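Asks: Chains S and D supply the protein sequences, listed in that same order. Okay, so the first sequence: first residue is 5 according to our numbering, each after it adds one. Okay, so the second sequence: first residue is 6 according to our numbering, each after it adds one. All C-beta atoms, glycine included, are put in the ideal place defined by N, C-alpha and C. Every value quoted in this text rests on a predicted model; they were computed, and no experiment measured them. I have a structure I would like to understand better, so I am pasting it below and will then ask my questions one at a time.
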Amino acid sequence: MKRLDFKRGVKIRWKIITSCTMFGLRESLAYTLDNWGGLLSMATYMITYLIFLGVLFGRVNLIAGYNHSEMLFFTLITQINFYMTYVFSLISIERMGDSVNTGTLDLWLVKPVPALWYVTFQRIKLGDLLFSAFPATIPLLIMLFPRWSGFQMNWVGIVSGILLIIIGQVIIHCFQFMMSLTAFFTGEAKNARNMSLELSIFGDTIPFEGYPNFVKAIGLTAIPFMVHTALAVSFFLGKSTNYFMLVYAFGLMVVFLWGKIVLWKFALRHYSSASS
Amino acid sequence: MEKIIEVKNLFKKFKVPVKQGFVRSIFIPKNKEVVAVDGISFAVEKGEAVAFLGPNGAGKTTTLKMLTGLLYPSSGSVVVLGTVPVERKYSFLRKIALVMGNKSGLSWDLSARQSFDLFESIYDLDHKEAMNTIDNLASILEVTKNMDTPIRKLSLGQRLKMELIGAIMHNPEVVFLDEPTLGLDVVAKRNIREFLRKINKEKGVTIILTSHDMADIEKVCDRVIVINHGKIMFDDAIGKLTSRYRDRKYLTLIFTEEVAEEEVAMFGKIIDRKPLTYTIEVAGDNQAKVIAAVSGKLPIDDIDITHVPLDEIMADMFKKGK
């Protein structure tokens with residue numbers, strides 16, 4: 005019986021992810037002009053930032069031990085992380101806060117779905133990834149491509165880096181999610197959500213090696229902004245080889261996941277549901 | 006008959022911030038407890054259509070939300086379909102539906118049919134059967150031609166009908182409705198009431214409804230639970246509620262020419278006044294005498310006799326309950 009329940013649980017979770025992804029894609033396609041607007045704003049940001057990096061490295065050779073090519077790679081991982089956060093986490097978290105605020109969460113809590121899973125993945129906007137994020141990153145890829153052979157990478161570092169991106173993403177998702185649960189108590193979570201996003205991407209502008217130790221300590225514990233980009237790039241480029249950090253990051257992810265589940269249950273208990 | 010809802014001594018208290026000075030409210034916030042539901046008990050049998058009636062803030066919607074598992078009771082017990090709602094068991098959620106007149110579960114940017122695709126996956130419905138059910142419901146509610154229009158382009162009535170289809174496309178055993186006809190025009194209201202009555206009578210779906218529109222309640226429900234200040238004031242058939250006021254009748258007098266108010270007031274308490282028309286309240290056993298007297302003394306064109314409307318009965322009950 006338990007085995008059957010587990011199978012059904014996995015099946016329904018998979019269905020939610022695929023259905024919500026398809027649903028998000030359809031929603032993205034409903035606004036063609038908005039997609040072009042998104043692409044233009046992201047492309048403009050990318051080009052401005054690349055010019056900024058070019059100007060900076062015209063005067064200095066290294067920033068925190070990273071040369072121009074390595075900083076471009078760092079920027080690529082930053083962009084990938086930002087888009088992943090936006091597409092797989094932020095939109096759903098935003099919708100959760102809004103639905104608590106407006107009371108539409110009521111209509112989802114009475115549906116036979118694992119509620120936490122549903123609110124986590126309620127909207128995966130792959131359309132934004134395809135129509136805005138990927139095309140906007142092309143200028144960066146064009147600049148990186150001829151420099152690729154200059155990187156000192158090995159397979160262990162690459163696998164570790166990929167694992168740290170995934171682990172780091174889960175951690176910052178949990179962090180942002182927990183901050184947004186304030187909506188259940190105050191009815192409003194917009195600023196808490198914005199703050200959690202800013203804190204989560206705090207480590208996305210300076211490489212891991214550039215931070216003092218006490219900032220690293222904070223970024224690898226209570227405010228986990230250091231894992232998904234800074235630490236991951238350090239492993240990718242072979243600058244960090246202490247594999248204990250991988251185990252530590254995994255442990256941190258488990259703690260944050262546990263915290264998310266506990267706080268969600270607590271929030272549901274105190275849900276007062278917006279008045280009708 | 007099988008009891009599918011059992012509520013015993015149910016309480017729900019909310020903490021509400023006390024109004025204080027700006028600085029105090031930030032650093033030393035104070036809360037007071039407000040009792041929204043105050044020890045109510047009732048049971049609902051399978052296939053019943055029950056209405057919760059009460060003024061704003063009476064505790065109707067809070068009760069409905071506890072029945073659907075959205076809110077945790079402060080104390081007391083709720084059992085719906087053999088389970089405790091807040092446990093949110095799959096088997097329970099699969100058998101219920103919630104429709105809220107002022108909240109939308111459909112995506113604003115997509116058509117209703119596209120939203121129903123998502124619900125089909127969530128409820129794990131057979132595609133062919135789901136399509137049949139949806140087409141059938143759309144035909145009854147007369148929205149077949151709007152199925153592929155984005156929700157944002159539908160009228161309020163059409164949107165609400167789509168909400169209703171989305172909520173019951175999985176053939177629930179119990180449907181909870183909170184103000185389902187809010188803001189709708191007369192035709193849309195009638196359509197939805199007839200539809201609810203139909204699924205209640207033909208499919209045996211249990212209906213629990215809250216509404217401020219007495220016609221919703223009269224047309225859809227057989228039983229009414231009147232709640233005021235979180236307590237149950239009346240729980241019985243609608244007929245029994247109106248029979249309490251059977252000793253009073255309303256006479257609508259239509260005149261052929263203008264008549265002074267004092268002349269009409271001699272025959273009963275004036276309830277309403279329009280050009281050439283007055284509505285007066287008279288004692289039931291006195292109505293024949295009043296009609297004869299009015300017909301003899303005033304230029305009467307027509308007289309309409311009605312029972313005291315449910316709205317008036319409720320207003321009277323709530324006034325007495327204060």
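1. Work out the CA separation of S82(D) and F27(D) for me, nearest whole Å.
2. Identify, in the order they occur along the chain, each residue of the same chain with its Cβ nearer than 7 angstroms to the Cβ of K264(S), setting aside the five sequence neighbours on each side.
3. Pick out the complete alpha helix (DSSP H) segments inside the stretch 89-131 of chain S, 4 residues or longer, and give them in chain order.
4. For the alpha helix (DSSP H) that F301(D) lies in, which residues bound it at each end?
5. If contact means a Cβ-Cβ distance below 8 angstroms, which residues of the stretch 112-124 of chain S contact chain D?
6. Quick one: which chain D residues come within Cβ less than 9 angstroms of T108(S)?
7. DSSP on F19(D), reduced to helix/strand/coil?
8. Relative to the C-alpha of T141(S), which residue among L54(S), R99(S), K115(S) and T225(S) is closest?
9. Given a cut-off of 7 angstroms, decide if L189(D) and G162(D) are closer than it, judged by their beta-carbon atoms.
10. Could you tell me the boundaries of the beta strand (DSSP E) in which M46(S) lies?
11. Which residues in chain B sit within 7 angstroms of S126(D), going by Cβ to Cβ distance?
12. Measure the alpha-carbon distance for L385(D) versus M50(S) and round it to whole angstroms.
13. Looking at the C-beta of F27(S), does it have a partner C-beta in chain D at a distance below 7 angstroms?
14. Quick check on W152(S): buried or exposed, where buried means 16 or more other Cβ atoms within 10 Å of its Cβ?
15. By Cβ distance, which residues of its chain are closer than 8 angstroms to K108(D), with the 5 residues on each side in sequence left out?
16. Considering only residues of the stretch 19-94 of chain D, which uninterrupted beta strand (DSSP E) runs meet the minimum length of 3 residues and lie entirely inside it, listed in chain order?
17. Could I get the ranges of all uninterrupted alpha helix (DSSP H) runs contained in the stretch 177-244 of chain S, with 4 residues as the minimum, in chain order?
18. Here's the rule I'm using: 16 or more other beta-carbon atoms within 10 Å means buried, otherwise exposed. How should T89(S) be labelled?
19. For H312(D), write down the residues that DSSP places opposite it in a beta bridge.
20. For the stretch 136-169 of chain D, list every residue whose C-beta sits within 9 angstroms of some C-beta in chain S, in sequence order.
21. Exposed or buried, E98(S), counting other C-beta atoms within 10 Å across all chains shown (16 or more means buried)?
22. Which chain D residues sit within Cβ distance under 8 angstroms of E31(S)?
23. Determine the closest residue to M238(D) out of M319(D), V104(D), K51(D) and K20(D), with distance taken between C-alpha atoms.
24. Of all the options G58(S), F254(S), N65(S) and L29(S), which has the alpha carbon lying nearest to the alpha carbon of I170(S)?
25. What's the C-alpha gap between W159(S) and Y35(S)?
26. Taking the C-alpha atoms as reference points, what is the distance between S30(D) and E268(D)?
27. Are the stretch 23-39 of chain S and the stretch 137-147 of chain D touching, with three or more C-beta to C-beta distances below 8 angstroms?
28. Run down chain D in chain order and give the residues with a C-beta less than 8 angstroms from the C-beta of Y247(S).
29. Run through the DSSP bridge pairs and tell me what L182(D) is partnered with.
30. How would you call T22(S), buried or exposed, if buried means at least 16 neighbouring beta carbons within 10 angstroms?
31. For N233(D), list the residues DSSP reports as bridge partners.
32. Measure the Cβ-Cβ separation of L72(D) and V85(D) and say whether it is below 7 angstroms.
33. Between K243(S) and A68(S), what straight-line distance do the alpha-carbon atoms span, to the nearest angstrom?
34. For D129(D), which of helix, strand or coil comes out of DSSP?
35. Can the beta-carbon of D316(D) be found closer than 7 angstroms to that of M219(D)?
36. Quick one: which chain D residues come within Cβ less than 8 angstroms of S96(S)?
Replies: Once the coordinates are examined:
1. Along the second sequence, one-based indexing puts residue 27(D) at 22. Along the second sequence, one-based indexing puts residue 82(D) at 77. As the crow flies, the alpha-carbon of F27(D) is around 39 angstroms from that of S82(D).
2. For this step, residue 264(S) is matched to residue 260 along the first sequence. Listed in chain order, the non-local C-beta contacts of K264(S) below 7 angstroms within the same chain comprise C178, F181 and M182, local neighbours out to five positions each way being set aside.
3. Listed in chain order, they are 95-106, 109-113 and 119-125.
4. Residue mapping note: residue 301(D) aligns to position 296 of the second sequence, counting from 1. The question names Phe, but residue 301(D) is Gly in the sequence shown. G301(D): member of the alpha helix (DSSP H) spanning Q292 to K302, first to last residue.
5. The stretch 112-124 of chain S vs chain D, Cβ under 8 angstroms: W112, L113, V114, K115, P116, V117 and A119.
6. Here residue 108(S) refers to the residue found at position 104 of the first sequence. The contacting residues are M105, K108, S109 and G110.
7. Taking the second sequence and counting its residues from 1, the one referred to as residue 19(D) is at position 14. Here DSSP, grouped into helix, strand and coil, assigns F19(D) to strand.
8. Translated into the one-based positions of the first sequence, residue 141(S) becomes position 137. Out of L54(S), R99(S), K115(S) and T225(S), L54(S) has the C-alpha closest to the C-alpha of T141(S).
9. On the second sequence, position 157 is the one that residue 162(D) refers to. On the second sequence, position 184 is the one that residue 189(D) refers to. Closer than 7 angstroms, so yes.
10. Taking the first residue of the first sequence as position 1, residue 46(S) is located at position 42. Per DSSP, M46(S) belongs to no beta strand (DSSP E); it is in the alpha helix (DSSP H), T36 to F61.
11. As a matter of chain content, chain B is missing from the structure shown, whose protein chains are S and D.
12. Lying before the first or after the last residue shown, residue 385(D) is absent from chain D, which here runs from 6 to 327.
13. As a working note, residue 27(S) is residue 23 in the first sequence. F27(S) has a beta carbon lying within less than 7 angstroms of a beta carbon in chain D.
14. Counted from its first residue, the first sequence places residue 152(S) at position 148. Burial state of W152(S) is exposed, judged by a 10 Å Cβ sphere holding fewer than 16 other Cβ atoms.
15. Looking up residue 108(D) in the second sequence gives position 103. Short of 8 angstroms from the beta carbon of K108(D), and not among the five residues preceding or following it, lies no beta carbon of its own chain.
16. Within the stretch 19-94 of chain D, the complete beta strand (DSSP E) segments of 3 residues or longer fall at 36-50, 54-58 and 80-85, listed in chain order.
17. Restricting attention to alpha helix (DSSP H) runs no shorter than 4 residues, the stretch 177-244 of chain S encloses them at 187-190, 194-204, 217-223 and 236-240, ordered along the chain.
18. The count along the first sequence starts at 1 and reaches residue 89(S) at position 85. Per the 10 Å Cβ criterion, buried.
19. Here residue 312(D) corresponds to residue number 307 of the second sequence, with the count starting at 1. In the DSSP assignment, H312(D) is bridged to K254(D).
20. Those residues of the stretch 136-169 of chain D that come within reach of chain S (Cβ to Cβ, closer than 9 angstroms) are P155 and E168.
21. Indexing the first sequence from 1 puts residue 98(S) at position 94. Around the Cβ of E98(S), a 10 Å sphere holds 16 or more other Cβ atoms; the residue is buried.
22. Translated into positions along the first sequence, residue 31(S) becomes position 27. Residues of chain D passing the Cβ test: S112, D114 and L115.
23. By one-based count along the second sequence, residue 238(D) stands at place 233. If we check each option's Cα against that of M238(D), M319(D) comes out closest.
24. Residue numbering aside, residue 170(S) sits at position 166 when the first sequence is read from its first letter. Comparing Cα positions, the closest option is F254(S).
25. Indexing the first sequence from 1 puts residue 159(S) at position 155. Indexing the first sequence from 1 puts residue 35(S) at position 31. C-alpha separation (whole angstroms): 41 angstroms.
26. Numbered from 1 along the second sequence, position 25 holds the residue referred to as residue 30(D). Numbered from 1 along the second sequence, position 263 holds the residue referred to as residue 268(D). Computed Cα separation, rounded: 59 angstroms.
27. At 8 angstroms Cβ cutoff, the stretches do not touch.
28. Within the first sequence, numbered from 1, the residue matching residue 247(S) stands at position 243. Going along chain D, no residue has its Cβ under 8 angstroms from Y247(S), so there is no contact; the nearest lies around 41 angstroms.
29. The residue you call residue 182(D) lines up with position 177 of the second sequence. Beta bridge pairing from DSSP links L182(D) with V104(D) and L214(D).
30. To locate residue 22(S), count along the first sequence from 1; it is residue 18. Answer is exposed; the Cβ neighbour count stays below 16.
31. Locating residue 233(D) in the second sequence gives position 228, counting from the first residue. The partner list for N233(D) (beta bridge, DSSP) reads K236(D).
32. Sequence index remark: in the second sequence, residue 72(D) carries index 67 (1-based). Sequence index remark: in the second sequence, residue 85(D) carries index 80 (1-based). A contact, by the Cβ cut-off of 7 angstroms.
33. Locating residue 243(S) in the first sequence gives position 239, counting from the first residue. Locating residue 68(S) in the first sequence gives position 64, counting from the first residue. For K243(S) and A68(S), the distance between alpha carbons rounds to 11 angstroms.
34. The count along the second sequence starts at 1 and reaches residue 129(D) at position 124. In the structure shown, the three-state DSSP call for D129(D) is coil.
35. Within the second sequence, residue 316(D) is the residue found at index 311, counting from 1. Within the second sequence, residue 219(D) is the residue found at index 214, counting from 1. Yes, the Cβ-Cβ distance between D316(D) and M219(D) is below 7 angstroms.
36. Position 92 of the first sequence, counted from the start, is the residue given in the question as residue 96(S). Here the premise fails: no neighbours, minimum Cβ distance about 14 angstroms.
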